[in-house]
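Numbering (my numbering), first residue to last: 669 to 905.
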């Protein structure tokens with residue numbers, strides 16, 4: 669029956685980089701069922717950060733970027749000999765399990781993440797993450813916009829009023845009502861990055877009988893990302 673496993677040997681190109689993007693399944697319903705704070709629930713994002721750190725420790729990527737219920741993982745050391753079916757199934761199940769364990773409460777129904785593999789070339793890495801960061805900004809503006817309108821109108825009226833408004837229109841509406849998005853925490857506007865960073869460590873060299881400075885790599889959670897530029901990624905890698 670092995671011959672029926674026709675998709676099991678699909679692989680990504682050898683010596684390539686890939687992005688694995690994970691998305692929470694039906695997390696709009698999840699947010700309602702769990703009564704998450706709108707527009708941003710601090711505990712939810714603490715859990716997503718822990719999940720991202722565990723993914724980093726497990727799969728050693730170059731970079732992880734997350735906002736909302738989305739996690740993008742840039743890999744140059746591709747696991748499972750590049751088998752797409754294996755990458756997708758293990759990444760999605762690992763993320764779902766990590767999220768459930770870190771949340772630490774009983775959910776109304778099982779939580780699931782889907783996964784997709786995106787081959788990427790070096791010259792397109794910036795374009796991809798800039799695209800996702802722009803989406804994080806749209807998510808922020810729309811989130812604050814609909815939250816404000818629902819404080820004034822019914823859900824149906826709020827959805828009707830925000831429909832068709834551009835980001836600048838929503839931004840201005842919020843500003844006129846005392847909500848300045850410039851004052852919102854950076855991670856809400858630009859997302860969160862997880863990557864390795866050098867840390868200076870001073871120790872005593874017994875052999876040479878003197879203090880010695882060295883550098884160690886550690887996993888860094890960046891909640892104050894800049895607006896992405898090509899230079900940011902050039903320095904990162």
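Idealized CB from N, CA, C, for every residue including glycine.
Closest to residue i by CA distance: which of the options is it?
| i | options | result |
| --- | --- | --- |
| residue 796 | 734, 888, 832 | 734 |
| residue 764 | 900, 774, 778, 741 | 778 |
| residue 833 | 672, 814, 819, 844 | 814 |
| residue 808 | 902, 893, 854 | 854 |
| residue 858 | 801, 769, 781 | 801 |
| residue 736 | 781, 840, 887 | 781 |
| residue 977 | 886, 901, 670, 702 | No answer is possible for residue 977: it lies beyond the span of the chain, which begins at 669 and ends at 905. |
| residue 841 | 817, 673, 758, 670 | 817 |
| residue 759 | 704, 905, 742 | 742 |
Assuming residue i and residue j make a contact with CB atoms under 8 angstroms, what is their CB distance in whole Å?
| i | j | result |
| --- | --- | --- |
| residue 911 | residue 896 | Beyond the ends of the chain as shown, which are 669 and 905, falls residue 911; an answer cannot be given. |
| residue 690 | residue 783 | 5 angstroms |
| residue 838 | residue 830 | 7 angstroms |
| residue 898 | residue 794 | 5 angstroms |
| residue 901 | residue 894 | The Cβ separation is near 11 angstroms, so there is no contact. |
Report all residues from its chain with a CB closer than 7 angstroms to the CB of residue i; omit the five preceding and five following residues, and keep chain order.
| i | result |
| --- | --- |
| residue 752 | 678, 679, 680, 785 |
| residue 907 | Residue 907 is absent from the structure shown; the chain starts at 669 and stops at 905. |
| residue 675 | 753 |
| residue 707 | 811, 812, 815 |
| residue 806 | 835 |
| residue 770 | 715, 718, 719 |
| residue 787 | 680, 681, 684, 686 |
| residue 905 | 730 |
Distance, Cα to Cα, residue i vs residue j?
| i | j | result |
| --- | --- | --- |
| residue 866 | residue 712 | 28 angstroms |
| residue 811 | residue 843 | 14 angstroms |
| residue 804 | residue 749 | 32 angstroms |
| residue 740 | residue 789 | 15 angstroms |
| residue 903 | residue 827 | 42 angstroms |
| residue 768 | residue 710 | 16 angstroms |
| residue 732 | residue 723 | 9 angstroms |
| residue 849 | residue 892 | 15 angstroms |
| residue 698 | residue 670 | 38 angstroms |
| residue 845 | residue 673 | 58 angstroms |
| residue 856 | residue 700 | 20 angstroms |
| residue 762 | residue 852 | 32 angstroms |
Spatial neighbours of residue i within its chain, please: CB distance less than 8 angstroms, with the 5 preceding and 5 following residues excluded, ordered by chain position.
| i | result |
| --- | --- |
| residue 889 | 717, 720, 721, 860, 861, 862 |
| residue 864 | 885, 886, 887, 888 |
| residue 757 | 783 |
| residue 766 | 718, 719, 722, 723 |
Return the chain-ordered list of same chain residues with a C-beta closer than 6 angstroms to the C-beta of residue i, the five sequence neighbours on each side being excluded.
| i | result |
| --- | --- |
| residue 744 | 685, 730 |
Check: At a cut of 8 angstroms, does the region 679 to 690 reach the region 814 to 829 through at least three beta carbon pairs?
Finding: no
Checklist line | Stretch pair the region 716 to 731 + the region 693 to 702: three plus CB contacts closer than 8 angstroms | finding: no
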